[in-house]
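Numbering (the UniProt record's numbering), first residue to last: 1 to 160.
Yeah, the Cβ is synthetic: ideal placement off N, Cα and C, and Gly gets one too.
Encoded as structure tokens, the structure appears first; notes follow it.
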Ligand code: RP5
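Dropping the structure here:
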């Protein structure tokens, strides 16, 4: 397992599927778990240590509301943590600010609200520094994305 996808509640599952989808596109193995920084802090501590022992190379952590999961996780590991703010209230701005405003020395790489897919892509980019085959797949993916976008680029009738 190379990536761990953690989320604060079972109610986050749907929104975190995007991370798994992105990792699967690139054939990156992952393990997903529900772990709450507030409701089960000791479990978070144990699981972070276990995953690190087992060689996890990147964490993705999604949470809504007070959203402390990514930050607390980052305090317990030197493996990169990507935080996904989830919209549980206030359009997700509460979670975004909670996740992105980490103090000096304990960063969390934060993606946009509800954008777990981008967290998966960023995890692949981090792993690609070590695995050349992932770099190749990322380049192919970008090339395909560009070609598809250019294909769609036709004149638009704004009066229709
Ligand atoms: C956060 O509180 C979770 O990440 C979730 O987004 C939110 C609500 O959790 P539940 O009350 O639905 O379990 O910790």
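Check                                                                                                                                                  : Outcome
Does the beta-carbon of residue 94, which I'm using as the reference point, lie nearer than 8 Å to any heavy atom of the ligand RP5?                   : no
Run through DSSP, which three-state label would residue 81 get?                                                                                        : strand
Taking only heavy atoms of the ligand RP5 into account, decide whether any of them is closer than 8 Å to the Cβ of residue 64.                         : yes
Mind checking residue 110: buried by the 16 CB within 10 Å criterion, or exposed?                                                                      : buried
Hey, is residue 69 close to the ligand RP5, as in C-beta under 8 Å from one of its heavy atoms?                                                        : yes
Secondary structure at residue 102, three-state DSSP: helix, strand or coil?                                                                           : coil
If the criterion is Cβ atoms closer than 9 Å, does the pair residue 33 and residue 116 meet it?                                                        : no
Helix, strand or coil for residue 150, going by three-state DSSP, please let me know.                                                                  : helix
Per DSSP, residue 89 is paired with what?                                                                                                              : Residue 89 is not bridged to any residue.
I need the straight-line Cα distance from residue 102 to residue 157, nearest angstrom please.                                                         : 46 Å
Starting from residue 6, trace the beta strand (DSSP E) in both directions and tell me its first and last residue.                                     : 3–7
Since residue 8 and residue 63 are thought to touch, with beta carbons under 8 Å apart, how far apart are those beta carbons, to the nearest angstrom? : 4 Å
Note down the Cα distance separating residue 160 from residue 154, rounded to an integer number of angstroms.                                          : 15 Å
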